[in-house]
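Beneath this line is the structure, given in structure tokens, with notes to follow.
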Amino acid sequence: MSENDFVRLSDLTRDQSYGTSDEGVYDPTGDTAYGSNGERIGTVRDALVEYDTGLIRYFLIDANSKQVLVPVGNARIDDQGVYFDQLTNEQMSQMRTYSFEEGYGPEAQAADERVLRGAGTIEATGERVLHAAQSNVQATSPVVQNEAQSSHHEQTLRTPDKLRLLEERLVVNKDRFVAGSVEISKHVETRQEQVNVALQREEVVIERQPVTEARPATEGTVLGGASETIQVDLEAERAKVAKEAYVTEEIGLGKRTVTDTQTVQETIGREVLDVTKTGEVRLEEDQTSVTDPKTTH
58 MSENDFVRLS
68 DLTRDQSYGT
78 SDEGVYDPTG
88 DTAYGSNGER
98 IGTVRDALVE
108 YDTGLIRYFL
118 IDANSKQVLV
128 PVGNARIDDQ
138 GVYFDQLTNE
148 QMSQMRTYSF
158 EEGYGPEAQA
168 ADERVLRGAG
178 TIEATGERVL
188 HAAQSNVQAT
198 SPVVQNEAQS
208 SHHEQTLRTP
218 DKLRLLEERL
228 VVNKDRFVAG
238 SVEISKHVET
248 RQEQVNVALQ
258 REEVVIERQP
268 VTEARPATEG
278 TVLGGASETI
288 QVDLEAERAK
298 VAKEAYVTEE
308 IGLGKRTVTD
318 TQTVQETIGR
328 EVLDVTKTGE
338 VRLEEDQTSV
348 TDPKTTH
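Using my numbering, you'd call the opening residue of the sequence shown number 58 and step up by one each time.
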């Protein structure tokens with residue numbers, strides 16, 4: 058079968074208006090994919106199916122770093138997801154990276170099959186089909202069947218109802234708020250300062266010189282007859298104080314981000330499974346998935 062005979066399940070359900078959410082319909086999209094030893098290897102993102110028959114041929118597995126196609130015959134499907142019991146992470150790394158635009162030709166199919174044969178042969182009887190609910194009309198909603206049952210359309214594999222267990226998880230977000238503000242300004246402080254200034258002043262000096270040889274005064278001079286006055290101006294320096302402003306410091310205002318670690322605490326809850334048995338009931342299940350079982354007789 059050539060790659061042109063395949064179509065993506067998502068395209069098929071969209072183009073033909075299949076309702077994959079209808080009751081009894083199995084849609085693998087979004088299921089968890091598990092490999093050998095039950096190790097999670099990725100998520101089922103889509104499937105390649107035959108356009109005419111609805112036969113699912115390949116699961117498209119998103120393995121985080123790449124997407125690969127795994128034949129549906131290698132799969133085991135249950136309520137928990139899709140299991141590829143013989144598929145290892147090493148094989149996943151060796152398989153071709155799938156791109157719908159580039160297609161999945163015979164060479165890529167053969168290369169992947171050689172990788173998978175290291176874990177076992179693909180059994181055709183394990184393939185799943187997307188088929189119509191009645192053989193004589195076009196299907197309005199796809200269902201999942203075993204290929205051996207494809208001729209008996211009334212024998213469909215219906216997915217059971219699922220009980221989902223929920224748990225709360227802390228989701229911490231951050232928002233910004235104004236925690237405070239800083240404003241800078243200035244004011245004047247005064248202090249008394251003393252400066253010593255050298256000031257000069259003039260003083261009067263009286264020089265008295267005795268006359269050794271007396272001589273007569275000017276004719277007509279009478280004692281006390283005339284008053285003579287000599288005046289001398291004395292000068293002095295005085296301090297004149299003035300003030301002048303100088304720049305002594307420049308201050309800028311900025312901000313930086315620092316990180317503090319804060320521990321937040323909140324009470325969260327989760328749903329746990331309660332199993333109630335009435336009468337003689339034998340229950341086989343993975344005990345790790347049952348918490349606090351209750352038994353009623």
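Backbone N, C-alpha and C fix where the C-beta goes; we use that ideal spot for every residue, glycine too. Treat the numbers as computed from the prediction; the structure is a model and nothing was measured.
Query                                                                                                                                                 : Result
Any idea what DSSP makes of Ala299, helix, strand or coil?                                                                                            : coil
Any idea what DSSP makes of Thr70, helix, strand or coil?                                                                                             : helix
Does the beta-carbon distance from Val172 to Gln143 come in below 7 Å?                                                                                : no
Shortest alpha-carbon distance to Gly99 belongs to which of Val139, Glu292, Leu310?                                                                   : Val139
Under a Cβ-count criterion, where at least 16 other Cβ atoms within 10 Å of its own Cβ denotes burial, should Tyr155 be classed as buried or exposed? : buried
Which of the three DSSP states, helix, strand or coil, is assigned to Gly95?                                                                          : helix
Output yes or no for whether 7 Å exceeds the beta carbon distance between Leu117 and Phe63.                                                           : no
Sort Glu170, Thr278, Arg233 by Cα distance to Val125 and report the nearest one.                                                                      : Glu170
Are the segment 231-248 and the segment 321-333 touching, with three or more C-beta to C-beta distances below 8 Å?                                    : no
Could you have a look at Asp119 and say whether DSSP puts it in helix, strand or coil?                                                                : strand
Just tell me which of Gly162, Ala296, Gln266, Arg97 has its CA closest to the CA of Val252.                                                           : Ala296
Starting from Glu276, follow its DSSP beta bridges and name the residues at the other end.                                                            : According to DSSP, Glu276 bridges with nothing at all.
I need the straight-line Cα distance from Gly160 to Asp68, nearest angstrom please.                                                                   : 15 Å
Is it buried or exposed, Gln148, if we count other Cβ atoms within 10 angstroms and call 16 or more buried?                                           : buried
Where does Asp317 land, buried or exposed, given buried means 16+ other C-beta within 10 angstroms?                                                   : exposed
Buried or exposed, going by whether 16 or more other CB atoms sit within 10 Å of the CB of Pro217?                                                    : Reliability of the predicted coordinates at Pro217 is poor, the pLDDT of 47 falling under 50, and the value obtained from them is presented with this limitation in mind. Counting Cβ neighbours within 10 Å, Pro217 comes out exposed, since fewer than 16 surround it.
Please classify Asp135: is it buried, with 16 or more other beta-carbons within 10 angstroms of its beta-carbon, or exposed?                          : exposed
Can you tell me where the beta strand (DSSP E) with Arg133 in it begins and where it stops?                                                           : 133-135
Counting only the same chain and skipping the five closest in sequence on each side, list residues whose C-beta sits under 7 Å from that of Val127.   : Tyr115, Phe116, Ile118, Phe141, Leu144
Tell me whether Gly162 sits in a helix, a strand or coil according to DSSP, three-state version.                                                      : coil
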